[in-house]
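In my numbering, the protein residues as written are 742 to 965. Ideal placement from N, C-alpha and C gives every residue a C-beta, glycine not left out. Everything on this sheet refers to the single structure shown next.
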């Protein structure tokens, strides 16, 4: 078991308490949670593709500069696509590490796991090296794929000013643009026909599905 939820919950408790090294202020915590509510109220979750819908075809650059096409991946088996915000997000790193720990079980189902982020390919490579990941991270330049899925959003001005700027997180340095747009933390399971079998997406980036949930879906797909 990866116990991803336990790991994230423990980090959130420490982070939001104001403990070092983050030293986050109560007012900053309030702003972060308020933005979650504002984003949810936009109805963004209502427009995300559901199981039974086709996943958009893509051809994206991986950390080595190679073009990875969805159609090519589907020729080998099902595909798991995990969108994350960036290497600057501790919760995203925890999820990537948990997926790495479960990669052998994912591979055993015949599926291919890819992570997707709007951050630059050079930073995707750095993320892989720092966390000893053995799956590709693809660059969704300008959040184009995320936009087509309806999972892209812009950070709020107050959130940018009071949290991101305060912590020195300059999105232009990570993503190569100043749009302040990110993808929802999302995980899609796609069958060999390109059909979405399962999707988990939430405006609360502190909550991610356990890898075991994805593995169970893949095993059920294998048994059909």
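Which complete beta strand (DSSP E) runs does the region 885-934 hold, if anything under 3 residues is left out? Complete beta strand (DSSP E) runs here, min 3: 893-895, 922-924, 926-931.
Looking only at C-alpha atoms, which of 924, 899, 852, 857 sits nearest to residue 786? Ranked by Cα distance from residue 786, the first of 924, 899, 852, 857 is 924.
In the DSSP output, what is residue 877 paired with across the bridge? Answer is 855, bridged to residue 877.
How about residue 879 and residue 855: do their beta carbons lie closer than 8 Å? The answer is yes: Cβ separation under 8 Å.
Is DSSP giving residue 756 helix, strand or coil here? DSSP, read as helix, strand or coil, puts residue 756 in helix.
Beta-carbon proximity list for residue 962, same chain, < 7 Å, skipping 5 on both sides: Counting only Cβ-Cβ distances below 7 Å, and skipping sequence neighbours, we find 819, 932, 938.
Curious, which full-length beta strand (DSSP E) runs of at least 3 residues does the region 807-876 contain? Listed in chain order, they are 808-810, 820-824, 853-858.
Give the DSSP bridge partners of residue 771, in chain order. Beta-bridge pairing links residue 771 to no other residue.
Pull up the CB-CB distance for residue 895 and residue 928, whole angstroms please, since I reckon it's below 8 Å. Actually they are not in contact, since the Cβ atoms of residue 895 and residue 928 sit about 22 Å apart, beyond 8 Å.
Hey, would you say residue 784 sits closer than 8 Å to residue 915, going by beta carbons? Residue 915 sits away from residue 784, with the two beta carbons spaced by 8 Å or more.
Go through its chain and collect everything with a Cβ distance to residue 860's Cβ below 6 Å, but skip five positions before and after it. Within the same chain, residue 860 has close Cβ partners 827, 915, 916.
Express the C-alpha separation of residue 908 and residue 873 in angstroms, rounding to a whole number. Taken atom to atom, the span from the alpha-carbon of residue 873 to that of residue 908 is near 26 Å.
Under DSSP, the beta strand (DSSP E) around residue 802 begins and ends at which residues? Run containing residue 802: 800-802, per the beta strand (DSSP E) assignment.
First and last residue of the uninterrupted beta strand (DSSP E) at residue 942: Unbroken beta strand (DSSP E) run through residue 942: 937-943.
Span of the alpha helix (DSSP H) around residue 953: Annotation: the continuous alpha helix (DSSP H) that includes residue 953 extends over 952-964.
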